[in-house]
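Numbering (this note's numbering), first residue to last: 66 to 454. Where a beta carbon is used, it is the ideal one built from N, C-alpha and C, also for glycine.
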Amino acid sequence: MSPDIVIVGAGITGCATAYELSKAGLKVEVIEKYAPAAMASGWTLGGVRQSGRLQPELPLAKYSVEQWSQLSHTLGYDTGYVQQGNLRLARNEKEAKAIETLAKKQKSHGLDIVYLSDIKEIQAIAPCVSSAILAASFCRTDGHADPVATVNAYKQAAQRNGTVFQVGESVEALSAEGNKLSTVITNKRTISTSRCLLACGIGVNQLIHRFGIQVPLSFAIATVIQTAPAAALLRPVLGVADGAVTLRQERDGKFRLSSGVQKWNGELIEKDGRPYVFPSSEKVYSTLKAGFGICPSLKGLQMRRFWGGSIDLTPDALPVLDRLPGVEGVYVASGFSGHGFGIAPAVGHILCRLILGEAPELAFQSFALERFEKNQPHTNPDPVVTLHG
Numbered sequence: 066m067s068p069d070i071v072i073v074g075a076g077i078t079g080c081a082t083a084y085e086l087s088k089a090g091l092k093v094e095v096i097e098k099y100a101p102a103a104m105a106s107g108w109t110l111g112g113v114r115q116s117g118r119l120q121p122e123l124p125l126a127k128y129s130v131e132q133w134s135q136l137s138h139t140l141g142y143d144t145g146y147v148q149q150g151n152l153r154l155a156r157n158e159k160e161a162k163a164i165e166t167l168a169k170k171q172k173s174h175g176l177d178i179v180y181l182s183d184i185k186e187i188q189a190i191a192p193c194v195s196s197a198i199l200a201a202s203f204c205r206t207d208g209h210a211d212p213v214a215t216v217n218a219y220k221q222a223a224q225r226n227g228t229v230f231q232v233g234e235s236v237e238a239l240s241a242e243g244n245k246l247s248t249v250i251t252n253k254r255t256i257s258t259s260r261c262l263l264a265c266g267i268g269v270n271q272l273i274h275r276f277g278i279q280v281p282l283s284f285a286i287a288t289v290i291q292t293a294p295a296a297a298l299l300r301p302v303l304g305v306a307d308g309a310v311t312l313r314q315e316r317d318g319k320f321r322l323s324s325g326v327q328k329w330n331g332e333l334i335e336k337d338g339r340p341y342v343f344p345s346s347e348k349v350y351s352t353l354k355a356g357f358g359i360c361p362s363l364k365g366l367q368m369r370r371f372w373g374g375s376i377d378l379t380p381d382a383l384p385v386l387d388r389l390p391g392v393e394g395v396y397v398a399s400g401f402s403g404h405g406f407g408i409a410p411a412v413g414h415i416l417c418r419l420i421l422g423e424a425p426e427l428a429f430q431s432f433a434l435e436r437f438e439k440n441q442p443h444t445n446p447d448p449v450v451t452l453h454g
């Protein structure tokens, strides 16, 4: 029996949407080339934030935070979510001004965020913060979660609803009859279906180019570092005004640090059925140095491992959540620009309603593909855009 929809990609977006669609009664099949959370969703820092969002994403972030508070219970599996806030730190006067302006703007939009100019107030929230920090914004309703655990929680909840996951299978092409999707072709078989969601990040354009359409994407990486376990030192997520470094302490005591946007040559190495991106030693060093600058306690910790996380960037750093123009039944979710993890509950809701032909509760017009003019230059977004979550 053919599935009602095929979802390409078992990251946070694919799994969240599979859960929502299967809950609505659709027969869903998810096809993943590697493993769930094998790429961007597993490589991310795991932040769940509203602060620092571009305005079109803020309603999605607020909606998602409401869902995150009960997500482990709803799905029936642990996500590792904790709501312990987000501190965005200023290391100089220029950054302090930028953070103060951002805090005022987001507060006017109803976000629970405060500007702190006293280091004692900042260290009362996070004692490990460097005394050299001049100011910070603090959003207490932000938090963080375990990326792999969350993806697997969505996956298992979707499976409970009847969703079928095919791992180690690669989608190679889509085929249409007239202007309607008819089949999804993999390296193993041909699947008859009238609907397909492309939630495969950097791989989306190779599946839609045959229809004469491209999502304007550029690619970069973030360097991510994980330390050895340490005593509990940090509750909120720490970041900086220019996005150069973000860090959090995981449940097992390990610290996870992430850089900002870094150039990438596009090289993806496959080993043992999984993809790997290896940042340079210079990128690892600069990320560690930035981390030490805001949290000196990191200096005594052993670095356990590091990796590169691929980022699919749109020119305006907002995702594309849309039907594919001219091909009925094909939907695209791509270009999350390094901050799609935290808004996954909202994205799953929007895509589910879009696919069912219903109106989502949340406005999504800002994420339409048509917002990009045909000849618009494909430029990287402002590097100040924060990546985590």
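Where P147 falls: helix, strand or coil (DSSP): Checking the sequence shown, residue 147 turns out to be Val, not Pro. V147: strand per DSSP, three-state reduction.
Meets three-Cβ-pair contact criterion under 8 Å: the stretch 299–306 and the stretch 155–163: yes
Residues that DSSP places opposite E335 in a beta bridge: Beta-bridge pairing by DSSP links E335 to P340.
Expected contact under 8 Å - CB spacing of A210 and G107 to nearest Å: 12 Å between Cβ atoms; not a contact.
Buried versus exposed, by CB contacts within 10 Å (16 or more), N252: exposed
L389 vs I273 beta-carbon contact at 9 Å: yes
Which of helix, strand or coil DSSP assigns to S195: coil
Integer Cβ distance of R370 from Q314, believed to fall under 8 Å: The pair is not a contact, with the Cβ atoms about 16 Å apart (cut-off 8 Å).
Span separating the alpha-carbon of E435 from that of P384: Cα to Cα, E435 sits roughly 12 Å from P384.
C-beta contact flag for L239 and V93 at 9 Å: no
Segment contact flag, the stretch 115–122 with the stretch 281–290, C-beta cutoff 8 Å, min 3 pairs: no
6 Å CB neighbourhood of L86 in its chain, flanking five on each side removed: V93 and C417
Nonlocal neighbours in the same chain, by C-beta distance under 6 Å from Q132, ignoring five residues either side: P410
Neighbour-count burial assignment, R275, 16 or more Cβ in a 10 Å radius: exposed
Option nearest L154 by Cα separation, candidates A297, F357, A105 and S202: S202
G233 vs Q149 beta-carbon contact at 9 Å: no
Whole-angstrom distance between L386 and T78, CA atom to CA atom: 11 Å
Backbone secondary structure at T109 - three-state DSSP: coil
Reduced DSSP category for C360 - H, G, I as helix; E, B as strand; rest coil: coil
Alpha-carbon spacing of Q221 relative to Y142, whole angstroms: 8 Å
For L199 and L421, the rounded distance between their alpha carbons: 49 Å
N-terminal and C-terminal residue of the beta strand (DSSP E) that Y396 is part of: V395 to S399
Limits of the beta strand (DSSP E) - the one that E242 falls within: V236 to E242
Proximity of V342 and S375 at Cβ, strictly below 9 Å: yes
Straight-line gap, A103 to I184 (C-alpha atoms, nearest Å): 39 Å
Other residues of its chain near Y84: CB distance less than 6 Å, five sequence neighbours each side excluded: Y219, A222 and A223
Reduced DSSP category for P442 - H, G, I as helix; E, B as strand; rest coil: Confidence in P442 is poor, its pLDDT being 49 and thus under 50, which makes the residue's placement too unreliable to answer from.
F173 in three-state terms, based on DSSP: The identity of residue 173 in the sequence shown is Ser, whereas the question assumes Phe. In this structure, S173 counts as helix in the three-state DSSP scheme.
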